[in-house]
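So the protein sequences, as listed, match chains A and B.
Residue 262 in this note's numbering sits at position 117 of the first sequence; the count goes up by one each step and never skips.
Residue 105 in this note's numbering sits at position 65 of the second sequence; the count goes up by one each step and never skips.
Positions of the beta carbon are idealized from the N, C-alpha and C atoms, including for glycine.
Read through the structure below, which is laid out as structure tokens, and then see the notes.
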Amino acid sequence: MDYKRKKYKKLPAISTASLPDIVFILLFFFMTVTTIKDSPLLVDNELPMADQINKLDKKDRVVDIYVGKPAQELATVFGAEPKIQLDDRLAKVSDVAPYVLSQLAQKPEELRNLITVSLKVDKKVKLGIVSDIKEELRSINVLKVNYTTYEGDAVNEVY
Amino acid sequence: MARRNGAPEVNAGSMADIAFLLLIFFLVTTTIETDAGLDRMLPPMEPPEEDVVIRQKNIFTVNINKNGQLLVEDELMPLNNLRDAAIAFLENGADGSCDYCQGSKDPASSDNPSKAIISLKNDRETKYSTYITVQNELVGAYNDLRNRASQRIFGTDFTEMESEYLNPETASAVRDELKDKVKRIQDMFPQKLSEAETTSN
């Protein structure tokens with residue numbers, strides 16, 4: 146009897162009143178973890194793969210240097226040779242040292258010895274320009290570098 | 041008259057829609073990025089005070105040419121064998137003073153992990169991805185050895201301890217404890233990876 150009666154009854158509506166709350170929680174989560182990129186990439190930047198990697202956790206201790214071929218729409222102006230991007234401009238090798246020093250000067254003093262330079266180098270770039278940058282960094286005694294990579298199987302990537 | 045009833049209630053039914061729109065916007069634009077990569081120290085510009093004499097057998101030379109081929113200890117080697125060759129070199133322990141090494145004690149190879157140096161030389165025309173892969177394999181060789189030692193002594197992987205130690209969210213009490221452990225393993229297999237200046241020919 147009971148069973149039959151239930152069958153014709155309508156299902157009780159699920160209250161959706163708390164739905165906005167759930168959505169807001171999600172919203173706040175994404176708002177807080179979002180970082181909006183401050184400088185647009187002017188160069189191709191497809192990083193190589195590696196699996197023995199360390200994380201660069203502290204953003205305030207990192208100076209980024211991008212290296213790669215100029216992006217397609219810029220190739221007509223800057224040519225196809227790999228270029229160095231510092232902040233939002235393309236630069237020469239000799240600009241690297243002054244740039245890193247100026248970045249260092251902006252950091253609080255106690256962090257200056259802990260700065261890591263994150264080299265974001267496109268995987269198609271030849272090593273020459275990278276070693277030039279490393280020489281520049283050595284000349285100003287900024288010795289901690291991080292070859293930033295994607296996480297992945299490195300050996301099979303090459304073949 | 042209408043005042044007495046209070047302001048009419050605003051319909052909040054579309055609140056969810058607005059929140060969803062915002063949510064979707066942030067979902068699309070979010071990139072949760074923590075960069076990761078291979079940490080390296082560059083050698084300082086000024087040369088060390090005194091000249092250190094290093095015996096040839098304690099140096100493991102890796103040459104990369106512009107075609108991405110490897111010349112390891114004067115022999116051509118495919119990339120997949122590099123890690124094993126580096127491990128064999130590092131833990132060779134020819135002078136017998138290294139009790140945690142499992143190497144073959146070949147007298148023509150390295151004396152001791154603390155003396156073993158890997159020397160990496162590359163061409164200016166070498167592709168960056170090849171260079172990173174080689175670096176990755178060499179760091180991997182050190183990490184494999186350190187993990188093994190760490191597993192034996194502490195029962196955990198070295199890489200795990202290290203990343204926990206470097207993580208700024210780890211409590212400082214835990215960090216201090218990890219510091220000694222990490223240091224101990226690092227001293228067992230110190231990372232001596234030297235990079236010669238690139239050549240162009």
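Would residue i count as contacting chain A if we go by Cβ distances under 7 Å?
i: residue 75 of chain B; result: yes
i: residue 38 of chain B; result: Only positions 41 to 241 of chain B appear in the structure, and residue 38 of chain B is not among them; the question remains open.
i: residue 200 of chain B; result: no
i: residue 172 of chain B; result: yes
i: residue 166 of chain B; result: yes
i: residue 80 of chain B; result: yes
i: residue 242 of chain B; result: Residue coverage of chain B in this structure runs from 41 to 241, which leaves residue 242 of chain B outside it and unanswerable.
i: residue 160 of chain B; result: no
i: residue 117 of chain B; result: no
i: residue 66 of chain B; result: yes
i: residue 218 of chain B; result: no
For residue i and residue j, I'd like the C-alpha separation in whole angstroms.
i: residue 168 of chain B; j: residue 119 of chain B; result: 15 Å
i: residue 264 of chain A; j: residue 193 of chain A; result: 11 Å
i: residue 238 of chain A; j: residue 284 of chain A; result: 12 Å
i: residue 188 of chain A; j: residue 241 of chain A; result: 16 Å
i: residue 207 of chain A; j: residue 177 of chain A; result: 20 Å
i: residue 132 of chain B; j: residue 141 of chain B; result: 7 Å
i: residue 227 of chain B; j: residue 107 of chain B; result: 36 Å
i: residue 235 of chain B; j: residue 291 of chain A; result: 15 Å
i: residue 85 of chain B; j: residue 151 of chain B; result: 28 Å
i: residue 219 of chain A; j: residue 210 of chain A; result: 18 Å
i: residue 164 of chain A; j: residue 232 of chain B; result: 57 Å
i: residue 230 of chain B; j: residue 147 of chain B; result: 21 Å
i: residue 203 of chain A; j: residue 293 of chain A; result: 14 Å
i: residue 251 of chain A; j: residue 276 of chain A; result: 26 Å
i: residue 48 of chain B; j: residue 154 of chain A; result: 35 Å
i: residue 219 of chain B; j: residue 225 of chain A; result: 47 Å
i: residue 111 of chain B; j: residue 95 of chain B; result: 20 Å
i: residue 296 of chain A; j: residue 186 of chain A; result: 20 Å
i: residue 176 of chain B; j: residue 196 of chain A; result: 7 Å
i: residue 235 of chain A; j: residue 60 of chain B; result: 39 Å
Quick one: what's got a C-beta closer than 6 Å to residue i's C-beta in the same chain, skipping five residues either side?
i: residue 222 of chain B; result: 201, 202, 205
i: residue 160 of chain B; result: 102, 235
i: residue 42 of chain B; result: Legend: pLDDT at residue 42 of chain B = 49, less than 50; position of this residue unreliable, value from coordinates given subsequently. Closer than 6 Å at Cβ, skipping near neighbours: no residue.
i: residue 225 of chain B; result: 186, 189, 190, 198
Does residue i get closer than 7 Å to chain B when you measure Cβ to Cβ?
i: residue 216 of chain A; result: no
i: residue 293 of chain A; result: yes
i: residue 173 of chain A; result: no
i: residue 163 of chain A; result: no
i: residue 177 of chain A; result: no
i: residue 133 of chain A; result: Beyond the ends of chain A as shown, which are 146 and 304, falls residue 133 of chain A; an answer cannot be given.
i: residue 272 of chain A; result: yes
i: residue 169 of chain A; result: yes
i: residue 190 of chain A; result: no
i: residue 201 of chain A; result: yes
i: residue 243 of chain A; result: no
Against residue i, what residues of chain C qualify as contacts under a CB-to-CB distance less than 8 Å, listed in chain order?
i: residue 85 of chain B; result: Absent here is chain C; the protein component of the structure consists of chains A and B.
Within its chain, find whatever has a CB closer than 8 Å to the CB of residue i; leave out the 5 residues flanking it on each side and keep chain order.
i: residue 183 of chain B; result: 198, 199
i: residue 172 of chain B; result: 78
i: residue 196 of chain B; result: 190
i: residue 201 of chain A; result: 207, 261, 263, 291, 293
Leaving out five residues before and five after residue i in sequence, what residues of the same chain have Cβ atoms less than 7 Å from its Cβ?
i: residue 287 of chain A; result: 245, 260, 262
i: residue 191 of chain A; result: 267, 268
i: residue 215 of chain B; result: 205
i: residue 137 of chain B; result: 152
i: residue 170 of chain B; result: 104, 108
i: residue 181 of chain B; result: 123, 126, 127, 130
i: residue 143 of chain B; result: 128, 131, 132, 133
Can you give, in chain order, each stretch of the alpha helix (DSSP H) that sits fully within the segment 57–81 of chain B and has at least 4 residues? The qualifying runs do not exist here; there are none.
Using 8 Å as the Cβ pair cut-off and three pairs as the minimum, do the segment 99–110 of chain B and the segment 215–228 of chain A touch? The segment 99–110 of chain B vs the segment 215–228 of chain A: no contact.
Evaluate the contact criterion for the segment 167–178 of chain A versus the segment 267–275 of chain A: three or more CB pairs, one atom per stretch, below 8 Å. For the pair of segments examined, the segment 167–178 of chain A was found not to touch the segment 267–275 of chain A: the number of CB pairs separated by less than 8 Å stays below three.
Entirely within the segment 169–213 of chain A and at least 3 residues each: give me those beta strand (DSSP E) ranges in chain order. Runs of the beta strand (DSSP E) lying entirely within the segment 169–213 of chain A and spanning at least 3 residues, in chain order: 207–213.
Counting only runs that start and end within the segment 138–176 of chain B, where is the beta strand (DSSP E) found for 3 or more residues in a row? Fully enclosed beta strand (DSSP E) runs of 3 or longer: 157–162.
Would you list, in sequence order, the uninterrupted beta strand (DSSP E) runs of no fewer than 3 residues that lie entirely inside the segment 252–288 of chain A? Within the segment 252–288 of chain A, the complete beta strand (DSSP E) runs of at least 3 residues are 261–266.
For the 8 Å Cβ check, are there 3 or more pairs between the segment 106–125 of chain B and the segment 55–69 of chain B? With the rule of 3 Cβ pairs closer than 8 Å, the segment 106–125 of chain B does not count as touching the segment 55–69 of chain B.
Closer than 8 Å is the cut-off here; do at least three beta carbon pairs connect the segment 250–257 of chain A with the segment 152–171 of chain B? In the pairwise beta carbon analysis, the segment 250–257 of chain A is classified as not touching the segment 152–171 of chain B: fewer than three pairs are separated by under 8 Å.
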